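**Q** Okay, here's the structure, questions in a sec.
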Amino acid sequence: MKHTSLLFFAIILFNCNNNTSKQTAEVTPIQDSESLTTTIFLIRHAEKDLSTSNNPDLTKEGEIRAQNWSDYFSTIKFDAIYTSNFTRTKKTAQPTASKNNLEPEIYNPERISAQSFLEQNKGKTVLMVGHSNTIPFFVNDIIGKKVYEEIDETVYNHLYKITISKGQINHNLTTVD
Numbered sequence: 010m011k012h013t014s015l016l017f018f019a020i021i022l023f024n025c026n027n028n029t030s031k032q033t034a035e036v037t038p039i040q041d042s043e044s045l046t047t048t049i050f051l052i053r054h055a056e057k058d059l060s061t062s063n064n065p066d067l068t069k070e071g072e073i074r075a076q077n078w079s080d081y082f083s084t085i086k087f088d089a090i091y092t093s094n095f096t097r098t099k100k101t102a103q104p105t106a107s108k109n110n111l112e113p114e115i116y117n118p119e120r121i122s123a124q125s126f127l128e129q130n131k132g133k134t135v136l137m138v139g140h141s142n143t144i145p146f147f148v149n150d151i152i153g154k155k156v157y158e159e160i161d162e163t164v165y166n167h168l169y170k171i172t173i174s175k176g177q178i179n180h181n182l183t184t185v186d
């Protein structure tokens with residue numbers, strides 16, 4: 010009888026252990042920050058009205074270009090859009106921001122840190138609208154080398170794209186008309 014009780018107890022213990030080992034826990038996968046892809050599009054504001062000095066508005070051509078940028082970016086879902094605090098940059102960004110239900114965030118081109126910007130936007134897709142004398146240099150800061158020169162004052166169609174994935178930085182400059 011003593012052996013039967015021990016056998017019975019062993020069977021119960023075995024079944025309990027088996028049942029608990031079959032339980033599954035829901036596990037949320039942890040995303041490694043190195044596996045996230047960050048994509049940054051950078052453009053200069055559209056054509057500005059040169060008849061005013063401090064904070065010029067867009068010309069009719071500039072308004073058309075701003076809409077064309079929005080059409081160009083129509084298949085891209087932006088997580089954030091950044092503009093300097095000037096009428097021409099805000100109006101260039103607005104059509105794209107509206108399509109993405111975003112309010113553009115204002116940045117100061119003289120104080121923005123590439124490292125902080127990258128940390129804040131890790132794993133996101135963002136658009137930055139700036140100026141002929143700030144955008145190429147910010148691209149250079151992000152990629153860590155001097156590749157791009159200041160944009161000529163008459164050029165409004167440059168698109169810089171930076172993709173950072175698995176520690177690799179890829180960048181290119183295209184013209185979009």
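Residue numbers (my numbering): 10 to 186.
We treat Cβ as the ideally placed atom computed from N, Cα and C, and that holds for glycine.
Since the structure is predicted, the reported quantities are computational estimates derived from the model, not experimental observations.
Along the chain, where does the alpha helix (DSSP H) that runs through Y81 open and close?
**A** Residue numbering aside, residue 81 sits at position 72 when the sequence shown is read from its first letter. Note, Y81: alpha helix (DSSP H), K69 to Y81.
**Q** Can you check whether the CB of I115 is closer than 9 Å to the CB of N94?
**A** Indexing the sequence shown from 1 puts residue 94 at position 85. Indexing the sequence shown from 1 puts residue 115 at position 106. Against a cut-off of 9 Å, the Cβ pair of I115 and N94 comes out as a contact.
**Q** Starting from R264, trace the beta strand (DSSP E) in both directions and tell me its first and last residue.
**A** The chain is shown only over 10 to 186; residue 264 falls outside these bounds and no answer can be derived.
**Q** Distance check for E158 and L182, CA to CA, integer angstroms please.
**A** In the sequence shown, residue 182 corresponds to position 173, counting from 1. In the sequence shown, residue 158 corresponds to position 149, counting from 1. Straight-line Cα distance between these residues: approximately 11 Å.
**Q** Find out if the Cβ-Cβ distance for the pair D7, V135 is shorter than 9 Å.
**A** This structure does not reach residue 7, given that the chain is present from 10 up to 186, and the question cannot be answered.
**Q** According to DSSP, what are the bridge partners of S174?
**A** Reading the sequence shown from its first residue, position 165 is the one you call residue 174. Paired residues: T46 and Q177.
**Q** Please work out which residues of its chain come closer than 7 Å, Cβ to Cβ, to S174, disregarding the five sequence neighbours upstream and downstream, and give them in chain order.
**A** For the purposes of this step, residue 174 is identified with residue 165 of the sequence shown, where counting begins at 1. Once the five neighbours on either side are set aside, the close Cβ partners of S174 are T46.
**Q** Could you tell me which residues DSSP pairs with K57 in its beta bridges?
**A** Within the sequence shown, the letter at position 48 stands for residue 57. In DSSP, K57 forms a bridge with L67.
**Q** Between S83 and K57, which are expected to be in contact by the criterion C-beta below 8 Å, what is the C-beta distance as a whole number of angstroms?
**A** Counting from one through the sequence shown, the residue named residue 83 turns up at place 74. Counting from one through the sequence shown, the residue named residue 57 turns up at place 48. Wrong, their Cβ atoms sit about 24 Å apart, outside the cutoff.
**Q** Cβ atoms of S141 and I171: under 9 Å apart, would you say?
**A** To locate residue 171, count along the sequence shown from 1; it is residue 162. To locate residue 141, count along the sequence shown from 1; it is residue 132. No, these two residues do not count as a Cβ contact at 9 Å.
**Q** CB-CB under 7 Å to Q76, same chain, minus the five flanking residues each way: which ones, in chain order?
**A** Taking the sequence shown and counting its residues from 1, one reaches residue 76 at position 67. Counting only Cβ-Cβ distances below 7 Å, and skipping sequence neighbours, we find P104.
**Q** Could you check if K155 is buried or exposed, using at least 16 other CB atoms within 10 Å of its CB as the buried criterion?
**A** The residue given as residue 155 occupies position 146 in the sequence shown. Flag for K155 reads exposed.
**Q** Please determine, among T48, S44 and I52, the residue with the shortest C-alpha to C-alpha distance to T9.
**A** Within the shown structure, residues of the chain are numbered from 10 to 186, placing residue 9 beyond reach of any answer.
**Q** Pick out whichever of I151, A55 and Q177 has its Cα sitting closest to the Cα of G139.
**A** What you label residue 139 is simply residue 130 of the sequence shown in a count that begins at 1. Answer by Cα proximity: A55.
**Q** Quick one: what's got a C-beta closer than 6 Å to L168's C-beta in the same chain, skipping five residues either side?
**A** The count along the sequence shown starts at 1 and reaches residue 168 at position 159. Taken in chain order, the residues that qualify are I52, T183 and V185.
**Q** Per DSSP, which residues does V135 bridge with? Please list them.
**A** Counted from its first residue, the sequence shown places residue 135 at position 126. The partner list for V135 (beta bridge, DSSP) reads I49 and A89.
**Q** Taking the Cβ atom as the reference point for each residue, do K99 and P118 lie within a distance shorter than 9 Å?
**A** Locating residue 99 in the sequence shown gives position 90, counting from the first residue. Locating residue 118 in the sequence shown gives position 109, counting from the first residue. In this structure, P118 does not lie closer than 9 Å to K99 by Cβ.
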